[in-house]
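Novice: Below is the structure I would like to discuss, written out as structure tokens.
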Amino acid sequence: MTMSEKTVPASSGSGGALREKRRSPWWEVWRRLRRNKAAVAGMTVVILLLFVAVFAPLIAPYDPNQTNIKIRLQPPSAEHLMGTDNFGRDMFSRVIYGSRISLYVGFIAVGIGAVFGGILGAVGGYYGGRLDNFIMRCMDVLLAIPQIILAIAIVGALGTSLLNLMIAVGISQLPRYARVVRASTLTVRGQEFVEAAKAIGASDTRIILENILPNCMAPIIVQSTLGVAQAILAAATLSFLGLGIQPPTAEWGSMLSSGRQFLRNAPYLTFFPGVAISIVVLALNIFGDGLRDSLDPKLRQ
Amino acid sequence: MKDTLLEIKDLNVIYKTYEGTVAAVNGVDFALDRGKTLGLVGESGAGKTTTALSIMGLVPSPPGIIQRGRVTFAGQDLLTLPEKDMKKIRGNRISMIFQDPMTSLNPVLSVGLQISEALVAHQNLSEAEAERKAAEMLEKVQIPGARYREYPHEFSGGMRQRVVIAMALACNPRLIIADEPTTALDVTIQAQVLELMRSLKEEFATAMIMITHDLGVVGEVCDDVAVMYAGRIVEMGSLDQIFGNAMHPYTLGLFRCIPDIEEESSTIHPIEGLMPEPLDLPKGCPFHPRCPQCMEVCRQVVPEACEDNGHRVLCHLFGGGERRA
Amino acid sequence: MLRYFTKRLIFLIPVLLGVSIVIFAIVHLAPGDPAEVMLGPSATQEDIGKLREQLGLTKPLYVQYWIFLTNALKGDLGRSIKSNAPVLEEILERFPATLTLASLGMLFAITVGLPLGVLAALKQNTWVDALCSFFALVGFSIPNFWVGLMLMLLLSITIPILPSSGFDSWKNLIMPTIVLGIQTMAVIARMTRSSMLEVIRQDYVRTARAKGISDRLVLTRHILTNVMIPVVTIAGIYFGHSLGGVVITETIFSIPGLGRLIVDAIRAQDYPVVQGGVLFFALCVGIVNLLVDLLYAVLDPRIKAQYRSAK
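Protein chains in written order, with the working numbering: chain A, 5 to 305; chain B, 39 to 363; chain C, 115 to 425.
And the structure:
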């Protein structure tokens with residue numbers, strides 16, 4: 005089942021006409037999105053990057069971890085488009101492979117944040133009262149610590165690994181999803197179809213999953229798209245500080261970090277991974293902006 | 039001798055939008071004498087506000103373009119006046135009262151400042167003098183001058199509209215354009231504000247253009263009346279001519295919309311149909327799809343104005359100064 | 115009004131209490147043993163045990179937390195494992211540099227971001243708008259540590275006009291300020307633009323124009339005052355964010371500030387410093403939020419009235 009079908013309460017009627025009607029809000033969003041040239045460009049770049057990440061072994065000309073001291077620190081050339089690093093590894097291949105980790109971390113971290121934050125927000129918004137108050141105060145506590153410092157502290161405690169990095173970034177993003185979902189839940193909670201679902205004796209879990217969450221999808225999607233961009237930035241930051249992905253894994257942040265000591269003689273080691281991060285994050289932000297405008301035409305100028 | 043203050047000749051304003059070009063004002067002509075009040079009547083979208091904004095030189099551009107026409111105010115053509123000189127007229131010799139007092143005052147500035155800034159701009163007053171004058175203006179609209187430093191949210195809707203009136207009158211303008219000044223107010227407040235406007239108009243001897251869709255308001259304050267429909271003035275004359283001898287079917291329709299308390303029957307008679315889509319005006323007379331007396335010629339030809347003793351009407355039923363029907 | 119702010123200040127207490135619990139929990143979940151770290155790999159099991167006893171690490175966690183909390187309330191955040199200096203002293207010693215940086219970053223963000231947003235809105239849908247908006251989006255998207263490295267490459271290596279590290283003269287501050295402020299600048303520019311477009315269409319702006327006052331007055335007095343309200347909100351939120359950014363800036367430019375203190379402490383598993391540092395950051399964020407609220411009241415008389423009537 006697609007989410008668009010769920011945006012309408014579990015009504016009994018079916019058939020072509022109704023189905024058409026159910027699909028239309030998302031179709032309308034897609035139509036508006038297509039007209040936004042910047043958003044389409046952003047989306048294209050994101051898709052292209054996903055493609056690069058998936059087919060990295062086919063695209064990369066060399067093994068990203070193959071060291072060869074004889075060709076260390078070579079400037080960009082026809083054989084090595086982005087030069088070679090201090091171990092003689094091909095930078096172009098490493099940048100290509102780096103997209104895997106970045107996108108992986110970005111999506112999983114947002115997944116962690118959105119799922120747990122979403123559940124907390126939905127539960128708080130749905131039940132209200134003390135539970136809601138308690139959850140939101142907890143979110144205030146998390147928000148009181150600057151995100152990057154929170155993530156650093158978590159990674160510092162759990163130890164540096166890919167999983168811990170994703171957990172740290174995910175937790176530091178959690179409050180924003182909780183807030184967004186809670187706000188939408190509050191607006192949906194009082195509507196008739198929720199009352200109707202209650203009246204026919206649907207369980208709370210079911211109401212939250214089937215009636216409330218689908219109606220919060222729009223803000224969650226927008227927030228997540230922008231969130232992936234921020235998560236990629238945060239992960240790269242942690243790796244840059246030596247608290248994320250450790251060398252020799254090809255990851256943009258840690259590549260930047262190791263390239264830093266060669267800034268004077270081999271600036272291309274820091275230049276290209278930075279460009280790669282910027283492009284991914286920029287594309288995601290442009291796409292997210294466009295998505296937000298399409299989902300909420302009121303905001304459009 | 040005629041003492042004309044404002045004369046508008048063949049004013050045409052269009053709005054260029056993505057969907058197409060909208061002719062908002064379509065050859066509007068009228069004149070207003072010093073100290074007189076003209077009522078500009080019509081449904082929303084008839085072009086009343088655009089006409090007013092053209093006089094003020096405030097037609098939003100883009101998308102608005104004044105295509106042609108002349109707006110002569112005290113001998114000066116306002117449409118060709120440089121912006122620098124127009125600024126000296128705006129708020130000084132012509133001022134405007136907007137419809138919604140809840141939104142037309144700046145929420146973060148004190149009402150006193152909002153009144154006095156026009157004085158500072160136009161009368162070379164010092165801040166202190168302007169402040170004193172502004173407090174005086176507040177008193178004129180029956181608000182204690184001591185409330186000078188208060189903010190709009192501390193006033194009720196009716197009081198805010200009085201603040202707006204004080205603002206408009208501050209520099210003693212020769213012409214006030216009031217764009218539905220009472221529409222957004224409670225009925226009981228409407229009468230008060232209207233009464234205030236009338237007495238202040240007398241006191242300051244200003245001319246006024248009263249934009250409204252309420253013929254009751256027109257009957258109370260106006261000397262002349264112009265009825266607009268789809269960007270045109272379809273009928274214009276003195277208050278007596280329009281109220282006593284309305285000719286255009288649209289004007290007659292407007293009068294039928296007013297419930298008559300003296301009559302037993304409580305039915306009102308709305309004009310059938312809706313204003314035409316401004317993007318898609320019908321051929322011929324724009325009113326013909328809704329006109330109860332529509333003739334074949336109305337569907338084809340745009341009527342020309344005919345005038346009799348200052349009573350002008352734009353309808354195929356009338357021509358050559360004689361009534362045909 | 116004072117009442118309202120006292121209330122807000124009191125509300126800060128449970129948040130800080132929560133932060134202290136969170137950070138205490140995070141730090142004590144860490145697998146490493148501080149006693150081992152302190153004594154180094156050559157230490158005997160006996161020595162480690164003794165030190166653990168001394169540091170109170172053998173006590174149950176909640177007792178340890180209680181000791182930490184009561185001491186913190188007295189202004190005692192413990193002693194650094196690495197340097198043995200009182201943590202609060204270390205923090206206060208490092209704080210001025212961080213505060214200077216954060217303030218300069220904010221100043222940069224506002225002085226560049228605000229005009230950029232205003233310009234974009236005034237020239238809506240022209241190439242100027244497109245350029246400003248794209249610039250803001252880029253500023254929001256590029257990693258600030260990379261900006262730092264690229265600036266360094268350009269201004270310290272290629273054209274050596276600025277020093278790449280240290281904290282001695284104003285020249286040391288230029289690049290860190292840009293690096294720290296660039297994201298906030300982008301956010302402010304975007305917020306200013308959308309807020310401008312909203313305000314420009316308001317009736318009161320038309321009223322102001324109808325008064326015949328100068329365009330400059332319409333912009334500064336009528337438009338910008340209203341534009342500032344949402345911009346201040348965003349700037350306040352991002353100030354907390356940019357406080358986190360000092361971690362990066364201070365690391366890249368070798369500035370002895372609070373951010374580097376925390377990163378170094380995490381690397382060295384110097385847990386009292388981590389606890390104290392994070393708590394201190396949270397306090398700063400709380401105070402900044404309070405100041406933003408105060409600023410609101412100055413900008414918006416409606417909010418001021420609300421504060422007055424709040425009990």
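A virtual CB, placed ideally from N, CA and C, is assigned to each residue, including glycine.
Given this structure, state the Cα-to-Cα distance separating I156 of chain A from V279 of chain A, to the nearest angstrom.
Specialist: I156 of chain A and V279 of chain A: Cα-Cα distance of roughly 24 Å.
Novice: Helix, strand or coil: how does DSSP classify L147 of chain B here?
Specialist: L147 of chain B falls in the coil class under three-state DSSP.
Novice: Under 8 Å between beta-carbons, which chain C residues line up against T274 of chain A? List them in chain order, please.
Specialist: In chain order: W260, L263, M264 and L267.
Novice: Within a Cβ cutoff of 7 Å, which residues of the same chain sit near Q230 of chain B, ignoring the five residues on either side of it in sequence?
Specialist: Excluding positions up to five away in sequence, the list reads G196.
Novice: Using the Cα positions of S106 of chain A and Q234 of chain A, report the straight-line distance between them to the nearest angstrom.
Specialist: Going by the C-alpha atoms only, they are around 11 Å apart.
Novice: Would you grab the beta carbon distance between L147 of chain B and R335 of chain C for me? Rounded to a whole angstrom, and I think it's under 8 Å.
Specialist: 7 Å between Cβ atoms; contact.
Novice: Starting from the N-terminal side, write out each stretch of the alpha helix (DSSP H) that is 4 residues or longer and does not extend beyond the region 193–261 of chain C.
Specialist: Listed in chain order, the complete alpha helix (DSSP H) runs (minimum 4 residues) inside the region 193–261 of chain C are 201–236 and 241–255.
Novice: R264 of chain A versus chain C: which residues are under 7 Å apart at the beta carbon?
Specialist: Those within 7 Å of R264 of chain A in chain C are L263.
Novice: Could you give the first and the last residue of the continuous alpha helix (DSSP H) run that contains M246 of chain B?
Specialist: First-last for M246 of chain B: A245 to T250, but that is the beta strand (DSSP E), not the alpha helix (DSSP H).
Novice: Rounded to the nearest angstrom, what separates F293 of chain B and L116 of chain B at their Cα positions?
Specialist: Cα to Cα, the separation comes out at about 34 Å.
Novice: Starting from the Cα of G122 of chain A, find the closest Cα among A:N289, A:I212 and A:G292 and give me that residue.
Specialist: If we check each option's Cα against that of G122 of chain A, A:I212 comes out closest.
Novice: Could you tell me whether the Cβ of F137 of chain C comes closer than 8 Å to any Cβ of chain A?
Specialist: The residue you asked about is not Phe; residue 137 of chain C is Ile in the sequence shown. True, the Cβ-Cβ gap to chain A drops below 8 Å.
Novice: If contacts are defined as beta-carbon pairs under 8 Å, then K74 of chain B and D224 of chain B qualify, I think. What distance do you get, rounded to the angstrom?
Specialist: With a Cβ gap of about 29 Å, K74 of chain B and D224 of chain B do not count as contacting.
Novice: Using the DSSP secondary-structure output, state which residues sit across from Y53 of chain B in a beta bridge.
Specialist: Looking at the DSSP assignment, Y53 of chain B forms a beta bridge with B:V60 and B:G102.
Novice: Within the continuous beta strand (DSSP E) that includes M95 of chain A, where are the two ends?
Specialist: From DSSP, M95 of chain A is part of no beta strand (DSSP E) but of the alpha helix (DSSP H) over M95 to Y131.
Novice: Would V129 of chain C be called buried (16 or more neighbouring beta carbons within 10 Å of its own) or exposed?
Specialist: Label assigned to V129 of chain C: buried.
Novice: What residue range does the beta strand (DSSP E) around V387 of chain C cover?
Specialist: Per DSSP, V387 of chain C belongs to no beta strand (DSSP E); it is in the alpha helix (DSSP H), Y385 to L413.
Novice: Determine, for Q250 of chain A, whether the minimum Cβ-Cβ distance to residues of chain C falls below 8 Å.
Specialist: Not an interface residue.
Novice: Report the rounded CA-to-CA distance for C398 of chain C versus G354 of chain C, giving the unit in angstroms.
Specialist: The straight-line gap from Cα to Cα measures roughly 8 Å.
Novice: In angstroms with no decimal places, state the Cα-to-Cα distance between L263 of chain C and V185 of chain A.
Specialist: Approximately 38 Å, taken between the alpha carbons.
Novice: According to the Cβ coordinates, are R381 of chain B and L176 of chain B closer than 8 Å?
Specialist: With chain B covering 39 to 363 only, the question about residue 381 of chain B has no answer from this structure.
Novice: Any idea what DSSP makes of C209 of chain B, helix, strand or coil?
Specialist: Here C209 of chain B sits in coil by DSSP.
Novice: Can you tell me whether A114 of chain B is helix, strand or coil according to DSSP?
Specialist: The sequence as given places Gln at residue 114 of chain B; Ala does not occur at that position. It is a strand residue.
Novice: Using a Cβ-Cβ cutoff of 8 Å, what residues of the region 401–416 of chain C are near chain B? List them in chain order.
Specialist: Those residues of the region 401–416 of chain C that come within reach of chain B (Cβ to Cβ, closer than 8 Å) are L413, D414, P415 and R416.
Novice: Does the separation of the CB atoms of L230 of chain A and G292 of chain A fall below 8 Å?
Specialist: In contact: L230 of chain A and G292 of chain A (Cβ atoms closer than 8 Å).
Novice: If you drop the 5 nearest sequence neighbours on each side, which residues of the same chain put their C-beta closer than 7 Å to that of I52 of chain B?
Specialist: Closer than 7 Å at Cβ, skipping near neighbours: T59, V60, A61, A62, I103 and Q105.
Novice: From this set, C:L276, C:G400 and C:A396, which residue's C-alpha is nearest L154 of chain A's C-alpha?
Specialist: The option with the nearest alpha carbon to L154 of chain A is C:A396.
Novice: In whole angstroms, what separates the C-alpha of P257 of chain C from that of E204 of chain C?
Specialist: So the two alpha carbons sit approximately 29 Å from each other.
Novice: Counting only Cβ pairs nearer than 8 Å, list the residues of chain C close to N289 of chain A.
Specialist: Within 8 Å Cβ-Cβ: L251, F254 and S255.
Novice: Quick check: what's the CA-CA separation for F138 of chain C versus G170 of chain C?
Specialist: Distance between the alpha carbons of F138 of chain C and G170 of chain C: 14 Å.
Novice: Pull the bridge partners of R270 of chain B from the DSSP assignment, please.
Specialist: DSSP, once it has assigned bridges, lists B:Y267 as partnering R270 of chain B.
Novice: Along chain C, in chain order, which residues have C-beta atoms closer than 8 Å to that of A112 of chain B?
Specialist: By Cβ distance, chain C contributes nothing, its closest Cβ being about 15 Å from A112 of chain B, past 8 Å.
Novice: Below 8 Å on the Cβ atoms is my contact criterion, and I expect F222 of chain C with I327 of chain C to pass it. Report the Cβ-Cβ distance as a whole number of Å.
Specialist: Not confirmed; about 32 Å, so no contact.
Novice: Return the Cβ separation of A270 of chain A and G257 of chain A in integer angstroms, given the expectation that the two are a contact with Cβ distance under 8 Å.
Specialist: Not quite, the Cβ-Cβ distance comes to about 18 Å (not below 8 Å), so this is no contact.
Novice: Does the region 126–145 of chain A come close enough to the region 184–202 of chain A that 3 or more CB-CB pairs lie under 8 Å?
Specialist: The region 184–202 of chain A, when compared against the region 126–145 of chain A, does touch it at the 8 Å Cβ threshold.
Novice: Excluding the five sequence neighbours on either side, which residues of its own chain have a C-beta within less than 8 Å of the C-beta of M285 of chain B, listed in chain order?
Specialist: Cβ within range, chain order: E273, H349, V351, C353, L355, F356 and R361.
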